[in-house]
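Student:
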Amino acid sequence: MTRRWRWLSSLAAFSAVVYAIAWIGYRQQWAWVESLDTNTLDWMRDFGTDHPGWVRFWADLCTIAGPNAFRLLGALAVVLALLRRNWSAALFLLASIGLSGPVAQAAKNLADRPRPPGQLTAALSSAFPSGHAVGVMVGVLSLLTIFWPLLTPRHPAVRFSVVGGSALLVLAVGFGRVALVVHHPTDVLAGWALGYLWYFACLLMIRPEPIQLTVPANQAVPTNQAVPTNQAVPTNQAVPTNPAGPVNPAGSLAETPAERDIPR
């Protein structure tokens, strides 16, 4: 197992513990869990009642950056993966983002925890876990996994900005659900934990290939390339003559007619 997979597996184990504590704490009515949920929601309810703009801000944020937004982005990413013939990426996105809603709803039906009293905005279904927390966590992690190579390592500031902004978005949406008094804090914690567990399960089963927007160099096929010729063939070269005169077969200089007439 590589270092990356050990790290991912450790986070999965931690998430499972968080989810179990939140669920058991609610079922068993642990005092510290009830105190955390009740005291936090009482403060949020009082503050939101006195500040309508605060409520509108968080309601708009949770709508714009909620699970439906990531389902739309996931659908666009699936189309891009299919166009690039990246079947594993398309299947991974369909499983992780596409099925995160049914997974969250199944967990809600199993826990059947009522919504907190005094909600500042309308919310359907049961409370535990937060569907927004599940959907945004899965959406952010899945899209980062598929498009990670595009965040070029030559510009680490880009990766840091994208990862940091994504983490802040996950935290903001989770906080917004508590600020609107539609979820207990433990609902959101459980939603983040379940979202990561579902993402990890899909990653473990499918092992997607990241989407590449350019054709790798080793897959490029050259066509009709002219082969340059830089070696010219010399023509009409003058044949050098021996300045010393013709040479006889024996290797000595041949005598001229004038030389033959000289008496010896």
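For the sequence shown, our numbering puts the final residue at 283, and the numbers step up evenly by one. Note that the Cβ used here is the ideal one computed from N, Cα and C, for glycine as well. This one's a predicted model, so the numbers in the text were calculated from it and none came from an experiment.
Helix, strand or coil: which one does DSSP assign to residue 270?
Tutor: To locate residue 270, count along the sequence shown from 1; it is residue 251. Confidence at residue 270 is low in this model, with a pLDDT of 45, below 50, so its placement is unreliable and the value that follows should be read with caution. Here residue 270 sits in coil by DSSP.
Student: Return the chain-ordered list of same chain residues with a C-beta closer than 7 angstroms to the C-beta of residue 170, the five sequence neighbours on each side being excluded.
Tutor: As a first step, residue 170 is located in the sequence shown; it is residue number 151 there, counting from the start. The residues are 177, 178 and 181.
Student: Can you tell me the Cα-Cα spacing of residue 96 and residue 51, whole angstroms?
Tutor: The residue you call residue 96 lines up with position 77 of the sequence shown. The residue you call residue 51 lines up with position 32 of the sequence shown. Each residue's alpha carbon lies about 42 angstroms from the other.
Student: Look at the alpha carbon of residue 227 and the alpha carbon of residue 165, and state the distance between them as a whole number of angstroms.
Tutor: Taking the sequence shown and counting its residues from 1, one reaches residue 227 at position 208. Taking the sequence shown and counting its residues from 1, one reaches residue 165 at position 146. Looking at the two C-alpha atoms, the distance is approximately 7 angstroms.
Student: Anyone know if the C-beta pair for residue 159 and residue 217 falls short of 8 angstroms?
Tutor: Working through the sequence shown from its first residue, we reach residue 159 at position 140. Working through the sequence shown from its first residue, we reach residue 217 at position 198. Going by C-beta atoms, residue 159 is not nearer than 8 angstroms to residue 217.
Student: For the alpha helix (DSSP H) containing residue 217, list its first residue and its last residue.
Tutor: Numbered from its first residue, the sequence shown carries residue 217 at position 198. Element bounds for residue 217: 204-225.
Student: Does the beta-carbon of residue 184 have 16 or more other beta-carbons within 10 angstroms, so that it is buried, or is it exposed?
Tutor: As a position in the sequence shown, residue 184 is number 165, starting the count at 1. Answer is exposed; the Cβ neighbour count stays below 16.
Student: Using 8 angstroms for Cβ pairs, my map puts residue 200 next to residue 67. What's the rounded Cβ distance?
Tutor: Your numbering for residue 200 matches position 181 in the sequence shown. Your numbering for residue 67 matches position 48 in the sequence shown. About 7 angstroms separates the two Cβ atoms, so the contact holds.
Student: Could you work out which residue in 139, 209, 138 and 220 is closest to residue 130 when comparing CA atoms only?
Tutor: For this step, residue 130 is matched to residue 111 along the sequence shown. Answer by Cα proximity: 209.
Student: DSSP three-state call for residue 139: helix, strand or coil?
Tutor: Position 120 of the sequence shown, counting from 1, holds the residue named residue 139. Three-state DSSP puts residue 139 in coil, outside helix and strand.
Student: Can you grab the Cα-Cα spacing for the pair residue 55 / residue 74, in whole Å?
Tutor: Looking up residue 55 in the sequence shown gives position 36. Looking up residue 74 in the sequence shown gives position 55. Taking the straight line joining both Cα atoms gives about 21 angstroms.
Student: Using the C-alpha atoms, what's the distance from residue 87 back to residue 132?
Tutor: Position 113 of the sequence shown, counted from the first residue, corresponds to residue 132. Position 68 of the sequence shown, counted from the first residue, corresponds to residue 87. So the alpha carbons of these two residues sit roughly 23 angstroms apart.
Student: Decide if residue 83 is buried, meaning its Cβ has at least 16 other Cβ atoms within 10 Å, or exposed.
Tutor: Reading the sequence shown from its first residue, position 64 is the one you call residue 83. Its Cβ having fewer than 16 others within 10 Å, residue 83 is exposed.
Student: What is the DSSP secondary structure of residue 24, counted as helix, strand or coil?
Tutor: Position 5 of the sequence shown, counted from the first residue, corresponds to residue 24. In this structure, residue 24 counts as helix in the three-state DSSP scheme.
Student: Does the Cβ-Cβ distance between residue 38 and residue 213 come in under 8 angstroms?
Tutor: As a first step, residue 38 is located in the sequence shown; it is residue number 19 there, counting from the start. As a first step, residue 213 is located in the sequence shown; it is residue number 194 there, counting from the start. Closer than 8 angstroms, so yes.
Student: Excluding sequence positions up to five away, which residues of its chain have a Cβ less than 7 angstroms from the Cβ of residue 89?
Tutor: Taking the first residue of the sequence shown as 1, we reach residue 89 at position 70. The answer, listed in chain order, is 116, 154, 155 and 158.
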